[in-house]
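To keep things clear, I will list the structure first and then write my remarks on it.
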Amino acid sequence: MLGSRRSTWWLYGVLTVALVAVIAPFAWMVLGSFKSEGELRSAPPTWWPESASLDNYTQLFSRLDFGGYFTNSVVVAVVVTAGNLLFCSALGYALAMLDFRGKRALFVVVMTTLMIPGVVTFVPLFVLVANAGLVNTLPGLFLPFLVSPFGVFLMRQFILGLPRDLVDAGRVDGAGELRIFGRIILPLCGPALATLGILTFLGSWNNFLWPLVVAQTEDTYTLPVALALYSTGQNSTQYGLLLAGATVVVLPVLVVFMVFQRRFIEGIATTGIK
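Structure below.
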């Protein structure tokens, strides 16, 4: 009994240390956004602001076309997320429930694509976008990412765990594959869709390198790109402005996660059983 209690306390201690290690950088970022530039550069660094101020946020919203950059980020993230939810779930359904020639080979291709680093395909992808005339446009920012191999794998694994009898019953009743997919499968995929949606939204919202290359004028900048370009001067970096912008960028992701966290945890727990 005593050994079990000690093990429990050790587990709580390790988890507490891990929690502090995860939260501390975010807490320092938020607190640092209220500090002056001089205090941020002082040594040793301070934890709490000596004189809290909103100057960094005022400068952020006055110097940047925040509304335009925010709109661009929302459009790109929402379109990419919606595309992944639709196309990944449809392909996942086909790989899990349909029987057709080349099914195994197609799944091998998806898994192979999943293992290829994104850096390898970056230049060829940019060449395709440039040849299509989509450089410096919003479609050029979201069209290459409307479907992801990870999303296809995630949805396939979840749909494999659904009763196949439901699909067979729908076919017996005369329903087509699209109706079965929309009326039977999708309503049961809530946890997996929430997981895929959160991960996709997070990746698209924080994407920096691709928008930095494709967006070449201010009217197509997303928030991460605009923040990086305007907070880094020719001679020095304005850390207060950078921390304030990072705090603002993180807020929508936190809101999305808080809204769908129960579904997200369910999706992580139930995906990949089969």
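Residue numbering for the sequence shown follows the working numbering, starting at 7 and increasing by one per position. Here a beta-carbon is modelled for each residue, glycine too, at the ideal position from N, C-alpha and C.
Sub-8 Å separation of residue i and residue j beta-carbons
i           : j           : result
residue 36  : residue 201 : no
residue 117 : residue 159 : yes
residue 102 : residue 190 : no
residue 236 : residue 43  : no
residue 192 : residue 95  : yes
residue 63  : residue 232 : no
Which listed residue (the options) has its alpha carbon closest to that of residue i
i           : options               : result
residue 66  : 255, 125 and 215      : 255
residue 153 : 198, 143, 90 and 141  : 90
residue 265 : 185, 203, 142 and 230 : 203
residue 221 : 186, 20 and 82        : 82
residue 51  : 130, 41 and 32        : 41
residue 206 : 223, 175 and 155      : 155
residue 217 : 209, 227 and 208      : 227
residue 170 : 157, 149, 148 and 194 : 194
residue 243 : 34, 46, 32 and 131    : 46
residue 124 : 29, 234, 56 and 215   : 215
residue 219 : 225, 267 and 141      : 141
residue 257 : 24, 33 and 70         : 33
residue 143 : 181, 223 and 232      : 223
For residue i, the residue or residues it bridges with in DSSP
i           : result
residue 226 : None; residue 226 has no bridge partner.
residue 118 : DSSP output for residue 118 lists no bridge partner at all.
Rounded separation between residue i and residue j - CA only
i           : j           : result
residue 86  : residue 259 : 15 Å
residue 280 : residue 26  : Since pLDDT at residue 280 reaches only 44, below the 50 mark, its modelled position is unreliable, and no value is offered.
residue 80  : residue 14  : 43 Å
residue 198 : residue 97  : 14 Å
residue 60  : residue 250 : 9 Å
residue 73  : residue 38  : 23 Å
residue 70  : residue 213 : 19 Å
residue 248 : residue 230 : 10 Å
residue 18  : residue 175 : 48 Å
residue 129 : residue 136 : 10 Å
residue 106 : residue 100 : 9 Å
residue 149 : residue 138 : 11 Å
Contact test: residue i Cβ vs the ligand NAD heavy atom, cutoff 7 Å
i          : result
residue 28 : Among the ligands in the structure shown, none appear at all, so the ligand NAD cannot be discussed.
Segments assigned alpha helix (DSSP H), at least 4 residues, entirely inside the stretch 140-214: Counting only runs of 4 or more, we get 144-148, 155-166, 170-178, 183-186 and 196-211.
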